[in-house]
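Visitor: Residue numbers (mature numbering (1 follows the signal peptide of the UniProt record, and there is no 0)): -26 to -1, 1 to 402. One structure, pasted below without further comment.
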């Protein structure tokens, strides 16, 4: 069982590291501002249009949990599962601080607002992989800790295609001057738990809520139990049972899915894009954005599902008697190419504000970050310029940690954090 975090001390040197990183990134922003200001200005996505209940039928999810016998059989064959702490103890790869990133890597960062933390991934480890999702222990628990650890989870897809493998990097973020990580392969049990296969789909979003990790893959949300990470026993390129052992494509850890949610339909179901956690609703909710191409003129939808308050369904969504999850609310937006989505209602209001990270269009270098609600939309701007293309060159998933006030994201092979307050100041 997870224990609530008791560790509260601030790491020494955090303020100094943030200042140095901020200075380095400010120089990068100045060097790229002219390029960003010349980017094509996209159309204003305008106000969100609320959708009536009858218009959200196609957004209903069907829950399918794996039989307990299947999970028990796999665990019995592979050995006793381990938790997040055990995985972090074996983290042996390092992320480079912003000052050690190359100039090319730093150009992937937002021009405005400036990131206060930024790290670059191990080049050899990520060469054939594409970053696609991020979530933190700030999602898992409102105090920002998982037991005694601060953790960032980063999702990756092999080659970025729907036929490759998918993995999650467990980042030990306790010492913000020295982030280390190791990865676990995402798999799906097959043959009643006698084997498993790789999750062959591009990841576009992740949310770590309580003891569950929800991962978007095409028209599905896969569910993983963070207390049941399995150890691989064979070091090979294979995935699954190998002789008397278990292989995970060379990784030491495996996360087997414990269930999934899918959008029913005959090919007409929307493709899930970014997801994130909203703790400002009662109950807490999962927000999602529909995936559409960056240059598409098709209106995308934004919606939310409520999490279950049942003590026996920790980390799972709220279902009806038929196992369906109905959207709590939904909107239509003119924005396209949404890669990251957040929803948050400040304490002094009951109206949610949505933040949309949009990928660059075919003629743009930078992505854009919009704040949108039912009254209108506004984008972050590039300093003195009116150009809204100021976000990362590869707009990634967004994850808000209420405990620290930071929004985490990824752009290419750069992991970074921006205070939500800085985003709001830039939005005016």
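In this text, a Cβ means the ideal position worked out from N, Cα and C, and glycines have one as well.
Helix, strand or coil for residue 167, going by three-state DSSP, please let me know.
Guide: Residue 167: helix per DSSP, three-state reduction.
Visitor: Where residue 346 and residue 307 are concerned, what is the direct C-alpha to C-alpha distance, given to the nearest angstrom?
Guide: Taking the straight line from one Cα to the other gives about 9 angstroms.
Visitor: For a test of the three-state rule: what should DSSP assign to residue 46, helix, strand or coil?
Guide: In this structure, residue 46 counts as helix in the three-state DSSP scheme.
Visitor: Could you give the DSSP three-state label for residue 180: helix, strand or coil?
Guide: Three-state DSSP puts residue 180 in a strand.
Visitor: Based on DSSP bridge pairs, tell me the residues matched to residue 305.
Guide: DSSP, once it has assigned bridges, lists 24, 276 as partnering residue 305.
Visitor: State yes or no: is the beta carbon of residue 86 nearer than 9 angstroms to at least one beta carbon in chain D?
Guide: This model lacks chain D altogether, as it is built from one protein chain only.
Visitor: Can you find at least 3 beta carbon pairs, one from the stretch 221 to 240 and one from the stretch 189 to 199, that sit closer than 8 angstroms?
Guide: Segments in contact, yes.
Visitor: Does the stretch 378 to 388 come into contact with the stretch 99 to 106, if we say contact requires no fewer than three beta-carbon pairs (one atom in each stretch) closer than 8 angstroms?
Guide: Judged by Cβ distances under 8 angstroms, the stretch 378 to 388 makes contact with the stretch 99 to 106, as three or more pairs qualify.
Visitor: Based on the DSSP secondary-structure assignment, which residues constitute the bridge partners of residue 328?
Guide: In the DSSP output, where bridge partners are listed per residue, residue 328 has 317, 346.
Visitor: Evaluate the contact criterion for the stretch 138 to 145 versus the stretch 155 to 174: three or more CB pairs, one atom per stretch, below 8 angstroms.
Guide: These segments touch.
Visitor: How should residue 405 be labelled, buried or exposed, when 16 other C-beta atoms within 10 angstroms of its C-beta is the threshold for buried?
Guide: Given that the chain is displayed from residue -26 to residue 402, the structure contains no residue 405 and the question cannot be resolved.
Visitor: Check the DSSP bridge columns for residue 130 and list the partner residues they point to.
Guide: BP columns for residue 130 point to 105, 141.
Visitor: May I ask you to report which of helix, strand or coil DSSP gives residue 111?
Guide: It is helical.
Visitor: Taking residue 151 as the reference, give the member of 312, 74, 222 with the closest Cα.
Guide: Ranking 312, 74, 222 by Cα distance to residue 151 puts 74 first.
Visitor: Please report the straight-line C-alpha distance between residue 328 and residue 318, rounded to a whole angstrom.
Guide: Looking at the two C-alpha atoms, the distance is approximately 7 angstroms.
Visitor: Determine the direct distance from the alpha carbon of residue 283 to that of residue 367, and round the result to whole angstroms.
Guide: Distance between the alpha carbons of residue 367 and residue 283: 38 angstroms.
Visitor: So the candidates are 230, 125, 64, 218; which of them puts its Cα closest to the Cα of residue 166?
Guide: Taking only the C-alpha atoms, the option nearest residue 166 is 230.
Visitor: Among 37, 202, 179, 189, which one has its Cα closest to the Cα of residue 61?
Guide: Taking only the C-alpha atoms, the option nearest residue 61 is 202.
Visitor: What residues are listed by DSSP as bridge partners for residue 94?
Guide: 70, 388, per the DSSP bridge assignment.
Visitor: Tell me the DSSP secondary structure of residue 187 in three-state form.
Guide: Three-state DSSP puts residue 187 in a strand.
Visitor: With a CB to CB cut of under 8 angstroms and the five nearest residues on each side skipped, what residues in its chain are close to residue 19?
Guide: So the list reads 307, 308, 309, 330, 344, 346, 351, once near-sequence residues are dropped.
Visitor: For residue 270, does the three-state DSSP call read helix, strand or coil?
Guide: Note: residue 270 maps to coil in three-state DSSP.
Visitor: Can you list, in chain order, the residues of its chain with a C-beta nearer than 8 angstroms to that of residue 38? Leave out the 5 residues immediately preceding and following it.
Guide: The residues are 233, 234, 235, 236, 297.
Visitor: Is DSSP giving residue 39 helix, strand or coil here?
Guide: Strand, per DSSP.
Visitor: Helix, strand or coil for residue 394 per DSSP?
Guide: Residue 394 falls in the helix class under three-state DSSP.
Visitor: Just to confirm my understanding: we take residue 273, look at its own chain, exclude 5 residues before and 5 after, and list those with CB closer than 7 angstroms. What are they?
Guide: So the qualifying residues of the chain are 306, 307, 308.
Visitor: Counting C-beta neighbours from all protein chains within 10 Å, is the total for residue 163 16 or more, i.e. buried, or is it exposed?
Guide: Result: buried.
Visitor: Less than 8 angstroms between C-beta atoms, sequence neighbours within five positions excluded: which residues of the same chain meet that for residue 392?
Guide: Hits under 8 angstroms: 84, 87, 88, 89, 90, 380, 381, 383.
Visitor: Taking contact to mean 3 or more Cβ pairs, one atom from each stretch, closer than 8 angstroms, check whether the stretch 368 to 377 and the stretch 246 to 262 are in contact.
Guide: Because the criterion of three Cβ pairs below 8 angstroms is met, the stretch 368 to 377 and the stretch 246 to 262 touch.
Visitor: What separation, rounded to the nearest whole angstrom, lies between the Cα atoms of residue 80 and residue 71?
Guide: Roughly 11 angstroms separates the two Cα atoms.
Visitor: Is residue 256 buried or exposed, if buried means 16 or more other CB atoms sit within 10 Å of its CB?
Guide: Classification for residue 256: exposed.
Visitor: Let me check one thing: in DSSP terms, what residues is residue 160 bridge-paired to?
Guide: In DSSP, residue 160 forms a bridge with 229.
Visitor: How big is the Cα-Cα spacing for residue 82 and residue 64?
Guide: The alpha-carbon atoms of residue 82 and residue 64 are separated by roughly 29 angstroms.
Visitor: Compare the C-alpha of residue 106 against each of 178, 113, 41, 300 and name the closest.
Guide: Among 178, 113, 41, 300, the Cα nearest to that of residue 106 belongs to 178.
Visitor: Please list the terminal residues of the continuous beta strand (DSSP E) segment that includes residue 246.
Guide: Note, residue 246: beta strand (DSSP E), 246 to 252.
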